[in-house]
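Undergrad: Got a structure for you, written out below as structure tokens; questions coming shortly.
There are 2 protein chains.
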Amino acid sequence: MKRRALLSLTASAPLIATGCAAPSSTTSTSAAPAATLQGTGDLGVVIERAKGALTLINTSRREAVGRVTGLGDLSHASVVFSRDERFAYVFGRDGGLTQVDLLTQHITGRVMQAGNSIGGAISADGSLVVAQNYTPGGVKVFDAATLELLADLPAHTASGERSRVVGLADLPQRRFIYSLFDANAICIADCSNPRKPQVTTIPNIGRQPYDALVSPNGRHYIAGLFGEDGLAMVDLWDNPPRVRRILAGYGRGQQPLPVYKMPHLRGWAIAGGHAYLPAIGRHEVLVVDTATWAEVGRIPVAGQPVFVMARPDGRQVWVNFSVPDYNRVQVIDTPSQRVVQTLEPGKAVLHMEFTPRGESVWISCRDDNRVQVYDTHTLQSQARLDVDAPSGIFFTARAQRMGF
Amino acid sequence: MKRRALLSLTASAPLIATGCAAPSSTTSTSAAPAATLQGTGDLGVVIERAKGALTLINTSRREAVGRVTGLGDLSHASVVFSRDERFAYVFGRDGGLTQVDLLTQHITGRVMQAGNSIGGAISADGSLVVAQNYTPGGVKVFDAATLELLADLPAHTASGERSRVVGLADLPQRRFIYSLFDANAICIADCSNPRKPQVTTIPNIGRQPYDALVSPNGRHYIAGLFGEDGLAMVDLWDNPPRVRRILAGYGRGQQPLPVYKMPHLRGWAIAGGHAYLPAIGRHEVLVVDTATWAEVGRIPVAGQPVFVMARPDGRQVWVNFSVPDYNRVQVIDTPSQRVVQTLEPGKAVLHMEFTPRGESVWISCRDDNRVQVYDTHTLQSQARLDVDAPSGIFFTARAQRMGF
Numbered sequence: 015m016k017r018r019a020l021l022s023l024t025a026s027a028p029l030i031a032t033g034c035a036a037p038s039s040t041t042s043t044s045a046a047p048a049a050t051l052q053g054t055g056d057l058g059v060v061i062e063r064a065k066g067a068l069t070l071i072n073t074s075r076r077e078a079v080g081r082v083t084g085l086g087d088l089s090h091a092s093v094v095f096s097r098d099e100r101f102a103y104v105f106g107r108d109g110g111l112t113q114v115d116l117l118t119q120h121i122t123g124r125v126m127q128a129g130n131s132i133g134g135a136i137s138a139d140g141s142l143v144v145a146q147n148y149t150p151g152g153v154k155v156f157d158a159a160t161l162e163l164l165a166d167l168p169a170h171t172a173s174g175e176r177s178r179v180v181g182l183a184d185l186p187q188r189r190f191i192y193s194l195f196d197a198n199a200i201c202i203a204d205c206s207n208p209r210k211p212q213v214t215t216i217p218n219i220g221r222q223p224y225d226a227l228v229s230p231n232g233r234h235y236i237a238g239l240f241g242e243d244g245l246a247m248v249d250l251w252d253n254p255p256r257v258r259r260i261l262a263g264y265g266r267g268q269q270p271l272p273v274y275k276m277p278h279l280r281g282w283a284i285a286g287g288h289a290y291l292p293a294i295g296r297h298e299v300l301v302v303d304t305a306t307w308a309e310v311g312r313i314p315v316a317g318q319p320v321f322v323m324a325r326p327d328g329r330q331v332w333v334n335f336s337v338p339d340y341n342r343v344q345v346i347d348t349p350s351q352r353v354v355q356t357l358e359p360g361k362a363v364l365h366m367e368f369t370p371r372g373e374s375v376w377i378s379c380r381d382d383n384r385v386q387v388y389d390t391h392t393l394q395s396q397a398r399l400d401v402d403a404p405s406g407i408f409f410t411a412r413a414q415r416m417g418f
Numbered sequence: 015m016k017r018r019a020l021l022s023l024t025a026s027a028p029l030i031a032t033g034c035a036a037p038s039s040t041t042s043t044s045a046a047p048a049a050t051l052q053g054t055g056d057l058g059v060v061i062e063r064a065k066g067a068l069t070l071i072n073t074s075r076r077e078a079v080g081r082v083t084g085l086g087d088l089s090h091a092s093v094v095f096s097r098d099e100r101f102a103y104v105f106g107r108d109g110g111l112t113q114v115d116l117l118t119q120h121i122t123g124r125v126m127q128a129g130n131s132i133g134g135a136i137s138a139d140g141s142l143v144v145a146q147n148y149t150p151g152g153v154k155v156f157d158a159a160t161l162e163l164l165a166d167l168p169a170h171t172a173s174g175e176r177s178r179v180v181g182l183a184d185l186p187q188r189r190f191i192y193s194l195f196d197a198n199a200i201c202i203a204d205c206s207n208p209r210k211p212q213v214t215t216i217p218n219i220g221r222q223p224y225d226a227l228v229s230p231n232g233r234h235y236i237a238g239l240f241g242e243d244g245l246a247m248v249d250l251w252d253n254p255p256r257v258r259r260i261l262a263g264y265g266r267g268q269q270p271l272p273v274y275k276m277p278h279l280r281g282w283a284i285a286g287g288h289a290y291l292p293a294i295g296r297h298e299v300l301v302v303d304t305a306t307w308a309e310v311g312r313i314p315v316a317g318q319p320v321f322v323m324a325r326p327d328g329r330q331v332w333v334n335f336s337v338p339d340y341n342r343v344q345v346i347d348t349p350s351q352r353v354v355q356t357l358e359p360g361k362a363v364l365h366m367e368f369t370p371r372g373e374s375v376w377i378s379c380r381d382d383n384r385v386q387v388y389d390t391h392t393l394q395s396q397a398r399l400d401v402d403a404p405s406g407i408f409f410t411a412r413a414q415r416m417g418f
């Protein structure tokens, strides 16, 4: 219904309708309100992974405020936001890139841009949205307003085959950094001329980079290596950027345990001169000195950590776990480096997101079909929302941070 | 071509038009446009100090998008934003507190709450706006939605007279911290019950605190002392909070020079484990180790620094100066701790504000009636805006940061 109206609208002005207008007369599935004037700094989305839908939320009211359906396969989805915090760009596992207007609560643009995709990024000036793809392996650059394809950058191995792309993040000056899982390389694409990006490749960075992060200040890009012990780090303030191997033996310990789920590097917490990392296959969080990048401690936790996330002030680090311990969340006090609380928010905790100033954290409990909101100071429940199989939670404040 | 098509398309759906193109029927000066749907993450205000007005700006388009008049004496004004980034709260020198709707571009609330005021803060949950006052000395707590006065907290000296209040900042859990210029004290008001705040006073913190800041992570509150050498610091993670004197002889050197303008402590940059501080009455920026709070270096600059501000990634620190050097701005590269560029944006540079991800900086040049926008990477001009006697520049992203 909604989709049909959109499609007919965009058919007559394909370059323009996306990013701007949505049909004035329609609403999304479950009685979304008519679009009203409102600020967008306290909005966000929760991925409904089974239904291919978004629940739209307001973090001031701590309520669901709408729902948008028709986003395809969201079994491993991620989201970035437009610079004005009005539009969400949703990268679906099936290669769908969908632009959603949080005000009208409509899909305002959608392209199937790959066969298998795992995320994307947006430039600081808000003009470019970039997707990283597994199949076919490479990166695609889109006009953020229209979703017009501006550049297609296939990624190749030395033998000329396609490589899967992981760990995409934005850098200043319309540049993007990413890693090639099958080519053991890190690439930086300068998209200042977005129809003719210039790609710089750093080869031999280590075997099989599987995910990566940029530190909150945008200086360090760190890729996890699946094919060997350790991590690859690039100091982006070096000119030219060079790679350095850090944390050999990262997290594995003497007797490696079976790994149920690879940790998400995006979950890494950097707070107060320390990085807090999920150990791989062990019930530990690693503490690393960010000046030397050497391990300086380990904190025992309740399971194999997946996301290890700092509250924005760095005073706490919150940890969730893989099967079979994924009903728990633990809170680490960073000054004492001890677990100070174990919470049981619900079944199958998949993701957490802090409000921008850190007073609350939202936690998705997939198998309870619920999002649980906590006060991070009292550790008491502030709200519960019914959401079908929630996974990723993303707030618009991400638009104003580097490296997402 | 593209724009024309857009306008005809959106003409039938006026509520939807903005966010993409300039509104068809509008804009700027005094006649506020019909409010249109738009995101609020890229909005901001520039204080017109002589006219008692605000120029409303958009940092994506780098343009003025409207103007609001009637705010009284804005000769020393500051601004905080509502949690949804829709409303600006403007604290005027004359004690006026004005709530401005950035979407409708109208004043939506205004109270004269004191005779002489120098700023305010807003709680992380967005519910409370607090003003700090010189005359009569004290703090007032308002409902952020209605501007209803919830609590009046007079500040007193030991002998029972009123003390001027400075250095107000928000803390977690609806608490606010501030300093008493005439009582040599720092106070923390717990407004979790906003009609009956509980005030904790830390006495004997040093003579005449004149301004203060909270570190970006919310941990350290640092007050400058007018009546003695040095600074007073409170580690807010201590329980109970205690005060400690740091940087004795702060910035004065062997032969103190005449001070033309007290530096603004809110301008302090904290980046990469160092704080960059304006020396008092000297042509230097001080470098301080934030682990030990000891001075570790001095950087010669072109005049007496007023604002010393870090780009959000900490790679650069920008400095402006008091009379007679206030036509200049210098850029310090933090890894090398050297001045790498001297700019001359215009006459009487009063303030600077970085975009949230740091790609641009906006600089007010009061005596040229101009705001100058620079690309922080190329150091080239990106835009110029005509604004009458501009002073403070404030972007909505402040809503999502601690300690403002």
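So the protein lines, in turn, are chains A and B.
Read in this note's numbering, the first sequence has 411 at position 397, and its numbers run on one by one without any break.
Read in this note's numbering, the second sequence has 53 at position 39, and its numbers run on one by one without any break.
The beta carbon of each residue, even a glycine, is placed where N, CA and C say it ideally should be.
1) Pick from Q330/B, Y264/B, G244/B, T214/B: whose alpha carbon is nearest that of P255/B?
2) Do C191/B and I202/B have their CB atoms nearer than 8 angstroms?
3) Output, in chain order, the set of chain B residues within a Cβ distance shorter than 8 angstroms of A138/A.
4) Three or more beta-carbon pairs under 8 angstroms between the region 77-92 of chain B and the region 111-129 of chain B, yes or no?
5) Going along the region 71-99 of chain A in order, which residues come within less than 9 angstroms of chain B, judged by CB to CB distance?
6) Label D400/B either buried or exposed according to how many other C-beta atoms from any shown protein chain fall within 10 Å of its C-beta, with 16 as the threshold for buried.
7) Helix, strand or coil for Q222/B, going by three-state DSSP, please let me know.
8) From what residue to what residue does the beta strand (DSSP E) around W376/B run?
9) Could you check whether the region 69-76 of chain A touches the region 89-100 of chain A, counting it as contact only if at least three pairs of C-beta atoms, one from each stretch, sit closer than 8 angstroms?
10) Could you check how far apart the C-beta atoms of V299/B and V315/B are, in whole angstroms? I think they sit under 8 angstroms.
11) Let me confirm a value: L116/B is counted as buried when at least 16 other C-beta atoms fall within 10 Å, else exposed. Which label applies?
12) So, is the C-beta of P186/B closer than 8 angstroms to a C-beta in chain A?
13) Buried or exposed, going by whether 16 or more other CB atoms sit within 10 Å of the CB of N147/B?
14) First and last residue of the beta strand (DSSP E) that includes T215/B?
15) Determine, using beta carbons only, whether Q113/A comes closer than 8 angstroms to chain B.
16) If you check the beta carbons only, do S229/B and A197/B fall under 8 angstroms apart?
17) In chain B, which residues lie with their C-beta within 7 angstroms of the C-beta of Q414/A?
18) Quick test of your reading: Y390/B and Q330/B, contact by CB under 8 angstroms. State the CB separation rounded to the nearest angstrom.
19) Round the Cβ separation of H204/B and R221/B to the nearest angstrom and send it over; I've been treating them as touching at under 8 angstroms.
20) Tell me the DSSP bridge mates of D249/B?
21) I'd like to check one pair, G238/A with P217/A: are the Cβ atoms closer than 8 angstroms?
22) Check whether the region 280-292 of chain A touches the region 324-342 of chain A, counting contact only when three or more Cβ pairs, one atom from each stretch, lie closer than 8 angstroms.
23) Please name the residues in the region 225-241 of chain A whose beta-carbon is closer than 8 angstroms to at least one beta-carbon of chain B, in chain order.
24) With 8 angstroms set as the bound, which would you pick, yes or no: does the beta-carbon of P254/B sit closer than that to a beta-carbon of chain A?
25) Could you check whether the Cβ of V353/A sits closer than 8 angstroms to any Cβ belonging to chain B?
26) Which ranges would you report for the beta strand (DSSP E) in the region 177-206 of chain B if only whole runs of at least 3 residues count?
27) Would you tell me roughly how many angstroms separate the C-alpha atoms of V144/B and P208/B, rounded to the nearest one?
28) Put R412/A into one of helix, strand or coil per three-state DSSP.
29) Got a sec: which bits of the region 307-332 of chain A sit with their beta carbon under 8 angstroms from any beta carbon on chain B, in order along the chain?
30) Can you tell which of S395/B, R398/B, E77/B, A49/B has its C-alpha closest to the C-alpha of H120/B?
31) DSSP three-state label for D382/A, please.
32) Tell me the rounded alpha-carbon separation between L111/A and Q351/A.
33) Does the CB of Q146/B have a neighbour CB from chain A at under 8 angstroms?
TA: Based on what the coordinates show:
1) T214/B
2) Note that residue 191/B corresponds to Ile in the displayed sequence, not to Cys. In contact: I191/B and I202/B (Cβ atoms closer than 8 angstroms).
3) T369, R371, G372, E373
4) yes
5) N72, T73, S74, F95, S96, R97, D98, E99
6) exposed
7) coil
8) 374-379
9) no
10) 6 angstroms
11) buried
12) yes
13) buried
14) 212-216
15) no
16) no
17) G55, P370, R371, A411, Q414
18) This sequence places Thr at residue 390/B; Tyr is not what is there. About 6 angstroms separates the two Cβ atoms, so the contact holds.
19) Here residue 204/B turns out to be Asp, not His, going by the sequence shown. About 26 angstroms separates the two Cβ atoms, so there is no contact after all.
20) H234/B
21) no
22) yes
23) N231, G232, R233
24) no
25) no
26) 179-185, 189-194, 199-204
27) 10 angstroms
28) helix
29) P326, D327, G328, R329
30) A49/B
31) helix
32) 40 angstroms
33) no
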